[in-house]
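*Asks:* Below is the structure I would like to discuss, written out as structure tokens.
Number of protein chains: 2
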Amino acid sequence: MFNKETYIKRRNKLKEQVSSGVILLLGNDESSMNYADNTYHFRQDSSFLYFFGLDIPGLAAIIDIENDFEAIYGTELSIDDIVWMGPQDTLQQQALNYSGIKNFHTKAELNKYISTIKEKKRRVHFLPPYRPENKIKLVELLDVKLDEIKDIISVNLIKAIIEQREIKSEEEIIEIEKAVGITNQMHLTAMKMAKPGITEAEIAAAVHQIPLAADCNIAFPIIATIRGEVLHNHHHKNILKEGQLFLLDAGAESKMHYAGDMSRTTPVSGTFTAQQKIIYDICLTAHEAALQKCGPGVKFKDVHFTAATSIAEGLKQIGLMKGDIKAAVEAGAHALFFQCGTGHMMGLDTHDMEDLGEQFVGYTAEEPKELLLFGLKSLRLGKVLKPGMVVTIEPGIYFIPELIKMWKEEKRFIEFINYDKVEEYIGFGGLRNEDDVLITEDGYRVFGGFVPKTTEDIERYKAGESLDSILASKKILN
Amino acid sequence: MFNKETYIKRRNKLKEQVSSGVILLLGNDESSMNYADNTYHFRQDSSFLYFFGLDIPGLAAIIDIENDFEAIYGTELSIDDIVWMGPQDTLQQQALNYSGIKNFHTKAELNKYISTIKEKKRRVHFLPPYRPENKIKLVELLDVKLDEIKDIISVNLIKAIIEQREIKSEEEIIEIEKAVGITNQMHLTAMKMAKPGITEAEIAAAVHQIPLAADCNIAFPIIATIRGEVLHNHHHKNILKEGQLFLLDAGAESKMHYAGDMSRTTPVSGTFTAQQKIIYDICLTAHEAALQKCGPGVKFKDVHFTAATSIAEGLKQIGLMKGDIKAAVEAGAHALFFQCGTGHMMGLDTHDMEDLGEQFVGYTAEEPKELLLFGLKSLRLGKVLKPGMVVTIEPGIYFIPELIKMWKEEKRFIEFINYDKVEEYIGFGGLRNEDDVLITEDGYRVFGGFVPKTTEDIERYKAGESLDSILASKKILN
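Chains A and B supply the protein sequences, listed in that same order. In the numbering used here, each number is its position in the first sequence, counted from 1, plus 1399. In the numbering used here, each number is its position in the second sequence, counted from 1, plus 1399.
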């Protein structure tokens, strides 16, 4: 937890931004698996963490701007809680010590407070709920119907929170560095383990163990797969075989719940085949081009355009694409191979603030997502980068048999795509690399330490060479 | 998944039991962590798994008894799903192939069906919802208020489901054996790792890795603690030190989601102190006495009474308790040391069917929980054991400073408890062992293989002796 002054400062800024009304922020509850008391690990809402720091289920908070009143609401601990969960400070003490909030009241008091606010026709600002328990709480607190909630969400509050959260402070950057440090270890472990005969599940389990052993957690479900072309593949049932590529997309969450999010693709056999090396290098060239493009004042949609154009040019060189590459990317023809965006914001969430809405997080009113070229429509982030923003860079190349078949049958983009040639790559799979990047005053900085990324470095690391030795020889070359 | 005939047979029996009306069973949805698409691992509802076998989020099912109509409702896969999640059978095919159900329809069709049923004033049977998303679905489907749901839950359906699920079939027993087999490995690993200098988190992570590596999961949050007296302790922040006891309560869930649930307590130093050995042996004697008591026709409350009496007698021998032990246990004086029940049912859930209500799962109308002696009030299960039931046996002894202080100040049970002597044990911590037990025609059988449980066996195993060697010398002795 940061110093309570941090949270007080953030809330004071929020009051200024929103300027009037009552801000209602709902914390998350425990989530049940198969019966009420059998719960998943608790994950607090990120905006609640950002403004209060309290990593405790079942809380809500009020910031009444005009009355300069702040309160946390919840159920105070009982002797039973202490018997079953061990001695701890009362919630009232924790609210005071960690959030700097003097008022701690029951949930019944929250109901009363909100009723009074509504009677006075004052505005209650709240965020879009993504958890069903918080939808229920809003229905009950605000006395509205479920399908009415979306119409009374506070866009002012959303914009104010994004304005604060999108620029990471120094203390937040240190937390992200910690998360990415653990994430590095997850990838180094997997890179070493990915050999013929091991299962995806065994690697995923070893990767999962690393943040847990540090008393942290995973930031998102682990993708550990020999089917890299299946973009959201959370099954781990395959056995790794010679000649395959193994893709890991995994990240740790620091103790304070900041995310790391990296991907690496490594050859199961220890060395890449000639064909794998060609596709890998096209992807890595795009990855490096996108990184180089990052900096303050640059629109992220141009970073994406850079990556997409680089991939399309590479694929043209080996005959999979053809024609005017700029026109091909504008039309979206590259999306046969590169279906997703080049990256997203990262912070307290892996896809930072995704619950607040893509339009607000990734775009601006002047340049909304709808105005994007067709070829950029899968992009989560388009707006201008500023110092303190943290983004991922993760272009990929994927050969998805069902998609190739569908597009070919539809004769989609036949002016840009050589389908006969593309079909030779069915079964290739898919690959990507992903790094986490801080936008600085004069450019960018990649978080974390050295995790092999070139085909040569990966092969050397898998052959048993140490990171120090690989790094030393790279320095001599430079 | 079992053969589809298994599910058809179970549903046919359910129809007979409930005899009229429409049974509505809701599957679980994905649960979000910090934004909608960032989800915990999916856990299907256990009753839905039991009757349909479909391990897929977002489904609901109808069994219309009089019309002999069955249907699954959900959103059929799209080309996007295949692009993002890989090729798979349609949900319609899966419902047919795995559940033996021909009808697969959209959720809008479910709404229509339920509306028709309600117009005809026919009964809709449903279970108590434990997940907020299913509370919302019931509110919308049945057009009732949230707080009205509890009044229209179908006790008939609850009782019918418990009647089936509480007796495990041979194929279910094989699944539980698999889960307990993995659970055994979790405990053996922790027993070896628990040494001075390691953290609880490092052990918990290694324990968690084991089911994940087998492409399974944990059945419940891992308790891995040097503070065994904190009964529901899911923090793993301590470093193990010489002289401490380390308690692991952990279990795997098989691929078909059957649970294992074991506990072991081991000395961090490798050997127990004289004081630890005394308390440990009192607990183990109670554990063995409870096991021996298990069998068909025996009430589980008598198994619990056996364990509680054994602990109280042991504590009397060393001067912590005094007076008439039978009277002490009936009054509940032992609950200063043994606060929870001796065990619970286990199956698709760790606490099997806990969502259906303790009164129905653990007790009978003739002998409801309210009739229990005060000293048994924390017991989840009281009723007569039958062949095919699976229960845990887990008496424990816990020295909880806050509870000792409170009881002493209240002068509670001063005729049975020597508080001055008890206070010497503050700081001792807490311990238990836990095994999973099948009730057979002629007694009981403990699931799984050999995991050291006597102080001698644990010390030998921690000293590096193999399980085979320890087992061999035990056989010579017997």
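Beta carbons: idealized from backbone N, C-alpha and C, even for Gly. Here the structure is a predicted model, which means the values were calculated and not measured.
Beta-carbon within less than 7 Å of A/I1572's beta-carbon, same chain only, minus the 5 sequence neighbours each way: which residues are those?
*Replies:* Only L1837 meet the Cβ criterion.
*Asks:* By the criterion of Cβ-Cβ separation under 7 Å, what are the contact partners of B/F1619 in chain A?
*Replies:* Correct list: N1437.
*Asks:* Just to confirm the assignment, what range does the beta strand (DSSP E) spanning B/R1897 have?
*Replies:* Absent from the structure is residue 1897 of chain B, since the part of chain B shown begins at 1400 and ends at 1877.
*Asks:* Is DSSP giving B/A1435 helix, strand or coil here?
*Replies:* Of the three classes helix, strand and coil, the one that applies to B/A1435 here is coil, per DSSP.
*Asks:* Three or more C-beta pairs under 8 Å: does that hold for the stretch 1676-1693 of chain B against the stretch 1827-1846 of chain B?
*Replies:* Output reads yes: the stretch 1827-1846 of chain B touches the stretch 1676-1693 of chain B.
*Asks:* When you compare the CB positions of B/F1619 and A/N1437, do they come within less than 7 Å of one another, or not?
*Replies:* A contact, by the Cβ cut-off of 7 Å.
*Asks:* Based on Cα-Cα distance, which residue from A/E1570, A/K1577, A/I1575, A/H1607 lies nearest to A/T1588?
*Replies:* Closest by alpha carbon: A/H1607.
*Asks:* Check whether chain A comes within 7 Å of B/Y1497, counting only Cβ atoms and requiring the distance to be less than that.
*Replies:* Taking Cβ atoms only, chain A never reaches closer than 7 Å to B/Y1497, which makes this a no.
*Asks:* Give every residue of the same chain whose Cβ lies closer than 7 Å to the Cβ of A/P1794, excluding the five residues on either side of it in the sequence, and list them in chain order.
*Replies:* The answer, listed in chain order, is C1682, A1685, H1686, A1689, A1706, I1710, F1737, T1741, R1831.
*Asks:* Do you know offhand how far A/E1576's Cα is from A/F1503's?
*Replies:* Straight-line Cα distance between these residues: approximately 34 Å.
*Asks:* Could you tell me which chain B residues have their CB closer than 9 Å to the CB of A/E1753, listed as they occur along the chain?
*Replies:* Here the neighbours are N1433, Y1434, A1435, D1436, N1437.
*Asks:* Below 6 Å CB to CB, which residues in the same chain sit around A/G1848 once its five sequence neighbours on both sides are set aside?
*Replies:* Counting only Cβ-Cβ distances below 6 Å, and skipping sequence neighbours, we find N1583.
*Asks:* So that I know if they touch, is there some Cβ in chain A lying closer than 7 Å to that of B/I1799?
*Replies:* Chain A contact via Cβ: present.
*Asks:* If contact means a Cβ-Cβ distance below 7 Å, which residues of the stretch 1797-1821 of chain B contact chain A?
*Replies:* Here the close residues are I1799, E1801, L1802, M1805.
*Asks:* Going along chain B in order, which residues have a C-beta closer than 7 Å to the C-beta of A/T1749?
*Replies:* The answer, in chain order, is N1437.
*Asks:* Which residues in chain A have a C-beta closer than 7 Å to the C-beta of B/L1545? List them in chain order.
*Replies:* Those are I1535, listed as they occur along chain A.
*Asks:* Based on DSSP bridge pairs, tell me the residues matched to B/I1887.
*Replies:* This structure cannot speak to residue 1887 of chain B, because chain B is shown only from 1400 to 1877.
*Asks:* Tell me B/F1364's beta-bridge partners as DSSP assigns them.
*Replies:* Outside the displayed range of chain B (1400 to 1877) lies residue 1364 of chain B, so it cannot be described from this structure.
*Asks:* Can you tell which of B/M1720, B/E1814, B/T1489, B/G1627 has the C-alpha that lies nearest to the C-alpha of B/I1455?
*Replies:* Minimum Cα distance to B/I1455 is reached at B/T1489.
*Asks:* In three-state DSSP terms, what is B/L1545?
*Replies:* In this structure, B/L1545 counts as helix in the three-state DSSP scheme.
*Asks:* Kindly indicate if chain B contains any beta-carbon less than 7 Å away from that of A/H1349.
*Replies:* With chain A covering only 1400 through 1877, there is no way to say anything about residue 1349 of chain A.
*Asks:* Applying a beta-carbon distance threshold of less than 8 Å, which residues of chain B neighbour A/N1632?
*Replies:* Residues of chain B passing the Cβ test: M1484, G1485.
*Asks:* Considering just the uninterrupted stretch of the alpha helix (DSSP H) at A/L1859, what are its terminal residues?
*Replies:* What sits at residue 1859 of chain A in the sequence shown is Arg, not Leu. Residues 1854-1861.
*Asks:* What separation, rounded to the nearest whole angstrom, lies between the Cα atoms of A/Y1439 and A/E1429?
*Replies:* Spanning the two alpha carbons is a distance of roughly 7 Å.
*Asks:* Are A/V1789 and A/G1746 closer than 7 Å when you measure CB to CB?
*Replies:* Closer than 7 Å, so yes.
*Asks:* Taking its Cβ as the centre, do 16 or more other Cβ atoms sit within 10 Å of A/N1496, making it buried, or is it exposed?
*Replies:* With fewer than 16 other Cβ atoms within 10 Å, it is exposed.
*Asks:* Can you check DSSP and say which residues form a bridge with A/P1666?
*Replies:* According to DSSP, which records beta bridges pairwise, A/P1666 is partnered with A/L1644.
*Asks:* Kindly provide the ranges of any alpha helix (DSSP H) runs that are 4 or more residues long and lie completely inside the stretch 1727-1810 of chain B, ordered along the chain.
*Replies:* Complete alpha helix (DSSP H) runs here, min 4: 1757-1761, 1800-1808.
*Asks:* What are the start and end residues of the alpha helix (DSSP H) that includes B/H1607?
*Replies:* Counting along the chain, the alpha helix (DSSP H) containing B/H1607 begins and ends at 1599-1612.
*Asks:* In chain order, what residues of the same chain have a beta carbon less than 8 Å from the beta carbon of A/H1750, not counting five sequence neighbours either side?
*Replies:* For A/H1750, where only same-chain residues beyond five positions count, the Cβ hits under 8 Å are H1743, M1744, R1779.
*Asks:* Looking at the structure shown, is A/I1573 part of a helix, part of a strand, or coil, going by DSSP?
*Replies:* In this structure, A/I1573 counts as helix in the three-state DSSP scheme.
*Asks:* Considering only DSSP beta bridges, list what A/F1504 is partnered with.
*Replies:* One detail in the question is off: residue 1504 of chain A reads as His in this sequence, not Phe. Partner(s): A/Y1472.
*Asks:* Among the residues of its own chain, which have a CB less than 6 Å from the CB of A/I1678, if the five just before and after it don't count?
*Replies:* So the list reads I1796, once near-sequence residues are dropped.
*Asks:* Can you look up B/I1678 in the DSSP assignment and give me helix, strand or coil?
*Replies:* The answer is helix: DSSP assigns B/I1678 an H, G or I state.
*Asks:* For a contact defined as C-beta to C-beta under 9 Å, what are the partners of B/S1777 on chain A?
*Replies:* The premise fails here: B/S1777 is roughly 11 Å from chain A at the closest Cβ pair, so nothing lies under 9 Å.
*Asks:* Taking all protein chains shown into account, do 16 or more other C-beta atoms lie within 10 angstroms of the C-beta of A/S1553, making it buried, or fewer, making it exposed?
*Replies:* By the 10 Å Cβ count, A/S1553 comes out buried.
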